[in-house]
Amino acid sequence: MAIMKKSSKLTQTAVLKQILKRCSSLGKKNGGGYDEDFLPLDVPKGHFPVYVGENRSRYIVPVSFLTHPEFQSLLRRAEEEFGFDHDMGLTIPCDEVFQNLTSMIR
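First residue of the sequence shown: 0, per numbering that gives the first Met the number 0; consecutive thereafter.
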């Protein structure tokens with residue numbers, strides 16, 4: 000049983016890494032503001048940008064959020080609504096849910 004849980008956790012981790020890699024690869028398309036690894040220059044190491052709500056407000060969140068099941072669930076819902084293949088980056092639809100969740104995690 001423990002092996003299945005570990006395997007499931009590894010699968011989730013792999014999926015989340017793919018999501019971040021897709022989002023960071025946007026630098027290839029957009030040009031400036033990205034380093035040689037196509038990561039945004041204004042985002043500190045260990046963080047990633049997300050765009051939230053109708054106005055697509057940009058937030059910088061720690062990578063450690065990816066380990067929280069609630070944040071993973073929010074990402075899955077965002078994928079269902081927006082997908083991950085667009086120029087905006089990682090987008091989360093509901094500002095209120097994002098704000099409540101991040102304040103709870105911190």
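Where a beta carbon is used, it is the ideal one built from N, C-alpha and C, also for glycine.
Backbone secondary structure at S24 - three-state DSSP: Within the sequence shown, the letter at position 25 stands for residue 24. Unreliable positioning characterises S24 in this predicted model, as indicated by a pLDDT of 48, which lies under 50. A coordinate reading is not provided.
What's the call for P43, buried or exposed, on a 16-neighbour Cβ count within 10 Å? Position 44 of the sequence shown, counted from the start, is the residue given in the question as residue 43. Result: exposed.
Per DSSP, what kind of secondary structure is P48 in: helix, strand or coil? As a working note, residue 48 is residue 49 in the sequence shown. Strand.
To the nearest angstrom, how far is the alpha carbon of N99 from that of R105? Locating residue 99 in the sequence shown gives position 100, counting from the first residue. Locating residue 105 in the sequence shown gives position 106, counting from the first residue. C-alpha separation (whole angstroms): 10 Å.
Check P39 in the structure and name its three-state DSSP category. Stepping through the sequence shown from its first residue, residue 39 is reached at position 40. Correct three-state label for P39: strand.
Looking at the secondary structure, which residues open and close the alpha helix (DSSP H) in which V96 lies? Within the sequence shown, numbered from 1, the residue matching residue 96 stands at position 97. Element bounds for V96: D94 to I104.
Between G45 and G82, what straight-line distance do the alpha-carbon atoms span, to the nearest angstrom? If you number the sequence shown from 1, residue 45 lands on position 46. If you number the sequence shown from 1, residue 82 lands on position 83. One C-alpha to the other measures close to 23 Å.
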